[in-house]
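Written below as structure tokens is the structure these notes are about.
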Amino acid sequence: MFKKNQKKTNQLVPRRRLPEYSIEDGRRGQASDVAAPNPHYRRNQTVSSYKRSEAGESERQKSHNLVLQRRKLGLVFLTAAGVVVLLFIGLWQFIAKPVVAFSDTEITQTVDANAYEESIAEYVGRNPSQRLRATLNEDTLTQYVSEAHGEVASVEIANSVTLPSQVRFTISFRKPVASWQIRGDQYYVDRDGVVFSKNYFATPGVRVVDESGIAPEQGSAVASSKLLGFLGKVVDQAKGRGYTVSEAILPADTTRRVDVKLEGGETRIRFSTDRGVGVQVEDMDRALKYFAAHGNTPQYIDVRVAGRAAYK
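The number in my numbering is simply the position in the sequence shown, starting from 1, with 3 added.
Now the structure itself:
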């Protein structure tokens, strides 16, 4: 009759009433078929340890990483391109092997280019600070080369494109206005009065006559650079006034006088090497015009004294 109120001693305790330590240790009643929960799973951990779905994030992350990689590759490419450009500019500026060309079209002789290339290479070797195009001093280079090769008038860097480390130089030679032999050696003088021994142009038309009185067996008379330079200026300035010098004469017993003959005439014009060339040529021009106007042909005209012209 009172059996309903009696507790069943062998009835299992509900799972939610089990002590927490028995759940963690997996200790349950012998008759329980409920598996123990994961010991790492805790209450409220679902929210705090929630991880975003990787499916939607991975696409954005991949896009972001791709942008970063592109930026890095672009920076690397620009750096490499800059290095290549700097190397190219350095090679283009650097003078390692000079190559010479000649600007004169009236050259009649074969030119040995190697001799001039060696002189230029020797100059830049002695002056390392001028091994670049931008730092090269063309004036000092011309002076250095002309000391070894007197026929060189100028040396300039050409703008033509060459192989890397090669630089092309343009060389201009002196054009002679007069020439003669001195002790068996042929010398020339240009319009600026510079003396040189190698001529690549046609032989000048001015003939030099030596009347110094030195015996031929002793060799030709020795003329100074001053005399040669003076003669070159006389020829050039006379040409500027319409006269062509055909002959230059070195008189005997004097080293300060030069006589010249003009083409188409027999009158000798006496010049002094101690007086300026320009004023003497001007006096010569006035005297010749005066005698031509009066129909006279003097044997000589002396313009060595300023302010007057003697004649005979």
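Even glycine gets a Cβ: it sits at the ideal position worked out from N, Cα and C.
Model, not experiment: these values are computed from the prediction.
query	result
Could you tell me if Pro-131 is buried or exposed, where buried requires 16 or more neighbouring beta carbons within 10 angstroms of its beta carbon?	exposed
State the DSSP-derived secondary structure class of Thr-257, mapped to helix, strand or coil.	coil
Between Arg-210, Ser-182 and Arg-194, which lies nearest to Lys-201 when the distance is taken from Cα to Cα?	Ser-182
Using DSSP with H/G/I as helix, E/B as strand and the rest coil, what is Ala-84?	helix
Kindly list the residues whose CB is nearer than 7 Å to the CB of Pro-127, restricted to its own chain and excluding five residues on each side of it in sequence; keep chain order.	A small correction: the amino acid at residue 127 is Val; Pro does not occupy that position in the sequence shown. Around Val-127: Ile-98, Gln-133 and Arg-134.
How far does the beta strand (DSSP E) with Arg-159 in it extend, from its first residue to its last?	Correcting the residue identity first, residue 159 is Glu in this sequence and not Arg. From DSSP, the beta strand (DSSP E) with Glu-159 extends over 155–160.
Can you tell me where the alpha helix (DSSP H) with Gln-283 in it begins and where it stops?	280–297
CB Thr-145 to CB Phe-204, shorter than 8 Å?	no
Rounded to whole angstroms, how far is the Cβ of Pro-301 from the Cβ of Tyr-314, which I believe are closer than 8 Å?	4 Å
Run the CB neighbour count on Gly-222, radius 10 Å, all protein chains shown included, and call it buried at 16 or more, exposed below.	Since pLDDT at Gly-222 reaches only 36, below the 50 mark, its modelled position is unreliable, and the value read off the structure follows with that caveat. Exposed: under 16 other Cβ atoms inside 10 Å.
Which residues mark the beginning and the end of the alpha helix (DSSP H) in which Ile-123 is found?	116–129
Please return the same chain residues whose Cβ sits closer than 8 Å to the Cβ of Ala-218, not counting the five positions on each side in sequence.	At Ala-218, the pLDDT of 43 sits below 50, so the modelled position is not reliable; the number obtained from the coordinates is stated separately. Once the five neighbours on either side are set aside, Ala-218 has no close Cβ partner at all.
Rounded to a whole number of angstroms, what is the C-alpha to C-alpha distance between Pro-179 and Leu-234?	11 Å
According to DSSP, is Tyr-147 part of a helix, a strand, or is it coil?	helix
Between the region 149–162 and the region 170–177, do at least 3 Cβ pairs fall closer than 8 Å?	yes
Cutting at 6 Å between CB atoms, please list the residues of its own chain near Gln-283, excluding the five before and the five after it.	Phe-274 and Val-306
Jot down the residue ranges of each uninterrupted beta strand (DSSP E) in the region 163–213, minimum 3 residues, whole runs only, in chain order.	169–176, 179–185, 188–193 and 210–213
Within this structure, are the beta carbons of Glu-250 and Lys-264 separated by less than 8 Å?	yes
Could you tell me the distance, in whole angstroms, from the CA atom of Arg-171 to the CA atom of Gly-208?	34 Å
Identify, in the order they occur along the chain, each residue of the same chain with its Cβ nearer than 7 Å to the Cβ of Asp-286, setting aside the five sequence neighbours on each side.	Val-306 and Ala-312
In angstroms with no decimal places, state the Cα-to-Cα distance between Ala-296 and Arg-289.	11 Å
Could you tell me the distance, in whole angstroms, from the CA atom of Val-248 to the CA atom of Asp-213?	16 Å
Buried or exposed: where does Gly-243 fall if 16 or more other Cβ atoms within 10 Å of its Cβ makes it buried?	exposed
Does Val-88 pass the burial test, meaning 16 or more other C-beta atoms within 10 Å, or should it be called exposed?	exposed
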